[in-house]
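**Q** Numbering (the working numbering), first residue to last: 114 to 438.
Before I ask anything, here is the structure I am working with.
Here's what the structure looks like:
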């Protein structure tokens, strides 16, 4: 579906954005690939990575600025909304800044997309948006609901909106892996929040492919959740720095022991496809069409990193991270 089209990505100079740009240039032959981000230094650095490809268009701008979004989306066919403020602890100290970017910014993306006749928008969410206990997760839950409900707002227009939600991304900015490697090389003890902790993990390449595939599947209103493995923090330590000393520092403010991507209260509207779960909209008066080849999940289903049926072993973690045993 994206082949040969005009695509815009907000927050396009982040970890996901760079991986998406590489995939799109190599596989989708876009007519235009528009990158909107607010950091001129990051834009400069990413421009050096991709050279003078004539298909790329660079916009300095913020999702808080609807007029700039409207200009950037001129003649754009598809939008990937990846821009967000994401640090959990920073959100607790600066809550309204996260509201302005993650909530108000999302509404700006919605309105600019409708006004420009964009065909489809996929917004990136996070596992922290399910049963949120921190400000960041709460803003992303609101953003998820804005994008699903936007299909009502856009019912008389061609634009449709869906959401993808996934867990921690291997290799993304802020990953704990480089820190563990550095401390292990220096012979230092590795700080672990809690040895019982589990997390969902997905690679950048898998995340990009999941988003691309979601454009093909969506008809608007779906919240897509990939079926991905979990890992134990102790196994990650053993994979990265076998035999290293560790010490527990305790769970940080706003952090969960186990992450969740689908809450039990959403089980009644969740169905399973081969590679993903689909949380369907509660009210869908714009003509939503449920997937015909999906299976309903059990009434007591919830999708958490500790009750997953897929787990990464120490050896698998080493393979994914490119670490020799």
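For each residue, glycine too, the CB sits at the ideal point set by N, CA and C.
Please state whether the Cβ-Cβ distance between residue 146 and residue 122 is less than 9 Å.
**A** Indexing the chain shown from 1 puts residue 146 at position 33. Indexing the chain shown from 1 puts residue 122 at position 9. The answer is yes: Cβ separation under 9 Å.
**Q** Measure the C-alpha to C-alpha separation of residue 321 and residue 252 and round it to an integer number of angstroms.
**A** Position 208 of the chain shown, counting from 1, holds the residue named residue 321. Position 139 of the chain shown, counting from 1, holds the residue named residue 252. Computed Cα separation, rounded: 23 Å.
**Q** Look at the alpha carbon of residue 248 and the alpha carbon of residue 238, and state the distance between them as a whole number of angstroms.
**A** Mapped onto the chain shown, residue 248 falls at position 135. Mapped onto the chain shown, residue 238 falls at position 125. Cα-Cα distance, rounded: 14 Å.
**Q** Considering only DSSP beta bridges, list what residue 281 is partnered with.
**A** Taking the first residue of the chain shown as 1, we reach residue 281 at position 168. 314, per the DSSP bridge assignment.
**Q** Out of 272, 365, 362 and 357, which has the shortest C-alpha to C-alpha gap to residue 230?
**A** Taking the chain shown and counting its residues from 1, the one referred to as residue 230 is at position 117. The candidate whose alpha carbon is nearest that of residue 230 is 272.
**Q** I'd like to check one pair, residue 176 with residue 126: are the Cβ atoms closer than 9 Å?
**A** Here residue 126 corresponds to residue number 13 of the chain shown, with the count starting at 1. Here residue 176 corresponds to residue number 63 of the chain shown, with the count starting at 1. No, Cβ-Cβ distance for residue 126 and residue 176 is not below 9 Å.
**Q** May I ask you to report which of helix, strand or coil DSSP gives residue 403?
**A** Position 290 of the chain shown, counting from 1, holds the residue named residue 403. Residue state, collapsed to three classes: coil.
**Q** Identify, in the order they occur along the chain, each residue of the same chain with its Cβ nearer than 8 Å to the Cβ of residue 117, setting aside the five sequence neighbours on each side.
**A** On the chain shown, position 4 is the one that residue 117 refers to. So the qualifying residues of the chain are 141, 142, 143 and 144.
**Q** Please classify residue 209 as buried or exposed, where buried requires at least 16 neighbouring CB atoms within 10 angstroms.
**A** One-based indexing of the chain shown puts residue 209 at position 96. By the neighbour-count rule (16 or more Cβ atoms within 10 Å), residue 209 is not buried but exposed.
**Q** What number of angstroms, rounded off, separates the C-alpha of residue 425 from the C-alpha of residue 381?
**A** For the purposes of this step, residue 425 is identified with residue 312 of the chain shown, where counting begins at 1. For the purposes of this step, residue 381 is identified with residue 268 of the chain shown, where counting begins at 1. Between residue 425 and residue 381, the C-alpha separation is close to 28 Å.
**Q** Starting from residue 344, trace the beta strand (DSSP E) both ways and give me its first and last residue.
**A** On the chain shown, residue 344 is found 231 positions in, with the first residue counted as 1. Here the beta strand (DSSP E) through residue 344 covers 343–345.
**Q** Does the contact criterion of 3 or more C-beta pairs under 8 Å hold for the region 214–232 versus the region 185–203?
**A** Result yes; three or more Cβ-Cβ pairs closer than 8 Å.
**Q** When the Cα of residue 276 is compared with those of 289, 334 and 309, which residue comes out closest?
**A** For the purposes of this step, residue 276 is identified with residue 163 of the chain shown, where counting begins at 1. Of the listed residues, the one whose Cα sits closest to residue 276 is 334.
**Q** Using a 10 Å radius around the Cβ and a threshold of 16 neighbouring Cβ atoms, would you call residue 345 buried or exposed?
**A** As a first step, residue 345 is located in the chain shown; it is residue number 232 there, counting from the start. So residue 345 ends up on the buried side.
**Q** Taking residue 235 as the reference, give the member of 227, 191 and 163 with the closest Cα.
**A** Position 122 of the chain shown, counted from the start, is the residue given in the question as residue 235. Answer by Cα proximity: 191.
**Q** Counting only the same chain and skipping the five closest in sequence on each side, list residues whose C-beta sits under 6 Å from that of residue 267.
**A** Numbered from 1 along the chain shown, position 154 holds the residue referred to as residue 267. So the qualifying residues of the chain are 227.
**Q** Answer with buried or exposed for residue 365, where buried requires no fewer than 16 other C-beta atoms within 10 angstroms of its C-beta.
**A** Your numbering for residue 365 matches position 252 in the chain shown. So residue 365 counts as exposed.
**Q** What residue does the beta strand (DSSP E) around residue 219 start on, and which one ends it?
**A** Counting from one through the chain shown, the residue named residue 219 turns up at place 106. No beta strand (DSSP E) contains residue 219, which is instead part of the alpha helix (DSSP H) from 218–228.
**Q** Residue 401 and residue 340: beta carbons closer than 9 Å?
**A** Taking the first residue of the chain shown as position 1, residue 401 is located at position 288. Taking the first residue of the chain shown as position 1, residue 340 is located at position 227. Not a contact, by the Cβ cut-off of 9 Å.
**Q** Using the C-alpha atoms, what's the distance from residue 332 back to residue 164?
**A** For this step, residue 164 is matched to residue 51 along the chain shown. For this step, residue 332 is matched to residue 219 along the chain shown. Cα to Cα, the separation comes out at about 35 Å.
**Q** Got a sec, what are the start and stop residues for the alpha helix (DSSP H) residue 173 sits in?
**A** As a first step, residue 173 must be located in the chain shown, where it is residue number 60. Element bounds for residue 173: not the alpha helix (DSSP H) but the beta strand (DSSP E), 169–173.
**Q** Just tell me which of 193, 183 and 179 has its CA closest to the CA of residue 325.
**A** For the purposes of this step, residue 325 is identified with residue 212 of the chain shown, where counting begins at 1. Comparing Cα-Cα distances from residue 325 to each of 193, 183 and 179, the minimum goes to 193.
**Q** Measure the C-alpha to C-alpha separation of residue 434 and residue 312 and round it to an integer number of angstroms.
**A** Taking the chain shown and counting its residues from 1, one reaches residue 434 at position 321. Taking the chain shown and counting its residues from 1, one reaches residue 312 at position 199. Those two C-alpha atoms are separated by around 16 Å.
**Q** To which residues of the same chain is residue 296 closer than 6 Å at the C-beta, ignoring the five residues directly before and after it?
**A** Here the question's residue 296 lines up with position 183 in the chain shown. Only 303 meet the Cβ criterion.
**Q** What residue does the alpha helix (DSSP H) around residue 265 start on, and which one ends it?
**A** For this step, residue 265 is matched to residue 152 along the chain shown. Element bounds for residue 265: 248–266.
**Q** CB residue 377 to CB residue 415, shorter than 9 Å?
**A** Counting from 1 along the chain shown, the entry for residue 377 is found at position 264. Counting from 1 along the chain shown, the entry for residue 415 is found at position 302. For residue 377 and residue 415, yes; Cβs fall inside 9 Å.
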